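To start, the structure itself, in C-alpha cells.
Residue numbers (the working numbering): 732 to 821.
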C-alpha cells in the first residue's frame, strides 16, 4: 500500500518510475534513487561519493534547493518507506 503512494508521489513530481518496477516492490536503491532524483532536478549539489557518481554534480547550483509541497510530500513518503524497510544506501 505504501509503495503505491510512494510511486504515485514520485510520478506526480516527475520522477520516472519504469513500468516494470511499478509491478514489484522497489528496492532500497530504487527508493534512494527516486528521492535523490527530486533533489537532482532542483540543482542540488550532492556530497556523498555515490550520489555524485550517480547524479553528476557538474550541473548543480545549490545546497538548498527550493522544493514544492508535492516534492516535499514525495520525499517524506519515500523516506518513511526507507525507514520502515531499514534501508541503508550510501
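All C-beta atoms, glycine included, are put in the ideal place defined by N, C-alpha and C.
All figures in this text were calculated on a predicted structure; none of them were measured in a lab.
Please list, in chain order, all residues of the same chain as residue i whose beta carbon is under 6 Å from its beta carbon, the five residues on each side excluded.
i: residue 783; result: 777
i: residue 786; result: 771 and 777
Just how far apart, CA to CA, sit residue i and residue j?
i: residue 811; j: residue 796; result: 21 Å
i: residue 763; j: residue 821; result: 9 Å
i: residue 803; j: residue 789; result: 24 Å
i: residue 757; j: residue 816; result: 11 Å
i: residue 779; j: residue 801; result: 25 Å
i: residue 773; j: residue 791; result: 8 Å
So, using beta-carbon positions, are residue i and residue j closer together than 8 Å?
i: residue 799; j: residue 775; result: no
i: residue 765; j: residue 809; result: yes
With a cut-off of 8 Å on the beta carbons, I'd call residue i and residue j a contact; round off their distance for me.
i: residue 813; j: residue 759; result: 7 Å
Taking 7 Å as the cut-off, is the CB of residue i close to at least one heavy atom of the ligand FAD?
i: residue 809; result: Absence of the ligand FAD is noted for the structure shown, with no ligands found whatsoever.
Near residue i, what residues of its chain come up, given a Cβ to Cβ distance below 8 Å and the 5 sequence neighbours on each side ignored?
i: residue 819; result: 759
Beta-carbon within less than 7 Å of residue i's beta-carbon, same chain only, minus the 5 sequence neighbours each way: which residues are those?
i: residue 781; result: 821
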